Amino acid sequence: MICRGTKGNLCLQVCFVIAITGVGHLPGCKSEEDFVKKLRTDLLTGYEKSVLPINENSTLNIQLLPEVFRVDEKTSTFYLKLLMVTWWRDHRMKWNPNNYGKLLQLTFPASELWLPSLTVYNDAAADSVDRLHPAPVKVHWNGGTFWFPPAEFNTSCAHNVKKWPFDSNTCFVDIGSWVYVGLPMVNYPIVKNRLAYHPNAEWEVTYVNASIKDQIFSCCPQYQSLTVQFDIKRRSAYPFALVCLPGIVIAITILLSFWMDPKAPERTGLMLIALLINVYYLQFATNIIPPNGDDVPYIILYFRDSMVMIVNAILWTVCSRYIATTKRTSNVPLPNVLIQFLESWPSKILCIAPRPKNIPQPGALTEVDGSLIGLQSSVYDDWSWVAHLLDRIIFFLYTITYTVFLLAFF
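Take a look at the structure:
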């Protein structure tokens, strides 16, 4: 209880008794509630909330406290939930605390005072709902006005997924007012709301910044806006294990198949299985990665080109099997130039066993139905050796190609 009168001590004692017994108020005693009512009445009398509380030193101060953000790549939108801390000085909201029972601050509903009409210029939502949720306004005795509305923004943010899952992006939130052009804005550093901040499981914020910019339009006056920049980077561990690692395993499988015997039927079966798995992951990648216009993601290009390479490897396996196993009715010996070249150091680099030396002597040849049987067997071994040799050459070509793919991808 707060009392006035010449006999202050007696008045305080009487007011204390009145407060305990709840009988009522004496003429010289006023409660804090009475001062609040009187102060509200005095401040709101003649107050027009549509009038801008501005003078030569007035500024609108803004600080953002992000809490939650989400990225929708299919709709190219960036969702941000935050606490918008705003404060300004309203010269109509000043009072002398000594005249109102030492009251230093007062709280008003948001509907009773002037509030900045803030909007998001690049809002992607189809409706026109106000993105600032209702919040009370706290006013200090010197005119300082504080408003902390929770806000939800859904802005346009085009995504480039060409380097998926190692992609990064930059999203902007442009906050300003179409109504008030005379109130300068002052930005304060963005900090996380430690009490309500929830990290995103898929994206990581690498950089955040806010700056005041002047929006210049040909049709309208100059407007100030607060541009918030969010640099985000995808957390790549999960998509790498889900999609990228199987692609590397497919490449290793194809490379190892070239070391199998060309005559082995398991080689063709292994390549067919690798082809089916590659096609599956190509479809899987196109389903989880949104369309990106003319820029095709590297991972999809990888599976596409890998599919073509596997088909070519299967075709070569058929040819290699034919070279190694076909029984020829006529002698087709290797050219001497090829024999001399492949018996030198290149065969060692390609890890090829030495060329068969069991060429029969001319006297050991037997003619049957016009064919030389001994020479035919020797030539058959030569062509089987050539099939192994060509497998090694293609293995190194495929190794170089897959290495280029992976270097370009990573």
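Position 41 of the sequence shown, counted from 1, bears residue number 41 in our numbering, the numbering being contiguous throughout. The beta carbon of each residue, even a glycine, is placed where N, CA and C say it ideally should be. Small disclaimer: the values here were computed from a predicted structure and weren't measured.
- Within the stretch 53 to 83, the runs of beta strand (DSSP E) at least 3 residues long that lie entirely inside it are, in chain order, 60 to 72.
- Rounded to the nearest angstrom, the gap between the Cα atoms of F172 and W87 is 23 Å.
- Taking 8 Å as the upper bound for CB-CB distance, E67 and Y197 are in contact here, some 5 Å apart.
- Pairing L118 with P149, the inter-Cα distance amounts to about 11 Å.
- The three-state reading of DSSP puts I289 in coil, since its state is none of H, G, I, E or B.
- If you check the CB distance, A151 and M84 come in under 8 Å.
- Shown here for S76: same chain residues with a beta carbon closer than 7 Å to its own, the five before and five after excluded, namely S156, C157, A158, H159 in chain order.
- For I394, the CB contacts under 8 Å within the same chain, skipping 5 residues up- and downstream, are F258, A313, W316 in chain order.
- Scanning its chain for C-beta atoms nearer than 6 Å, with the 5 sequence neighbours on each side dropped, one finds around F146 the residues W87, K138, in chain order.
- Using a Cβ distance threshold of 8 Å, F153 and L65 do not count as a contacting pair.
- With the rule of 3 Cβ pairs closer than 8 Å, the stretch 87 to 102 does not count as touching the stretch 238 to 250.
- With respect to M271, I310 sits close: the two C-beta atoms are nearer than 8 Å.
- In this structure, the straight-line span from the alpha carbon of W178 to that of L60 is close to 15 Å.
- Contact annotation: L44 and L106 have beta-carbon atoms that are not nearer than 8 Å.
- DSSP places G247 inside the alpha helix (DSSP H), whose first and last residues are 245 to 257.
- When the five nearest sequence neighbours on each side are left out, the beta carbons in the same chain lying within less than 8 Å of the beta carbon of L255 are those of F395, Y398, T399, Y402, in order along the chain.
- Beta-bridge partners of N154 (DSSP): Y79.
- In the three-state reduction of the DSSP assignment, G269 falls in the helix class, which pools H, G and I.
- Inclusion of T206 and D174 in the CB contact set at 8 Å is not warranted, their separation being larger than that value.
- With fewer than 16 other beta carbons inside 10 angstroms of its own, N96 counts as exposed.
- Within the same chain, Cβ atoms closer than 7 Å to the Cβ of P297 are found at V161, K162, W164, I289, the five residues on either side in sequence being excluded.
- In the structure shown, A210 adopts extended strand secondary structure according to DSSP, grouped into three states.
- For N169, the beta-bridge partners assigned by DSSP are I232.
- Straight-line spacing of the CA atoms in F166 and P246 works out to 16 Å.
- Taking K263 as the centre and dropping the five residues before and after it, the same chain places the C-beta of R321, A324, T325 closer than 7 Å to its C-beta, in chain order.
- Burial is judged here by how many other beta carbons sit within 10 angstroms of a residue's own beta carbon; N98 has fewer than 16 and is exposed.
- For the pair K49 and L113, the CB atoms are nearer than the 8 Å cut-off.
- Within its own chain, the residues whose Cβ lies closer than 7 Å to the Cβ of Y100, once the five positions on either side in sequence are excluded, are F35, K38, L39, listed in chain order.
- Its chain contains W164, P165, V243, C244, G247, A285, I289, F409 as the residues whose beta carbon lies nearer than 8 Å to that of I299, once the 5 sequence neighbours on both sides are disregarded; these appear in chain order.
- Remark: C-beta atoms of I250 and S168 do not approach each other more closely than 8 Å.
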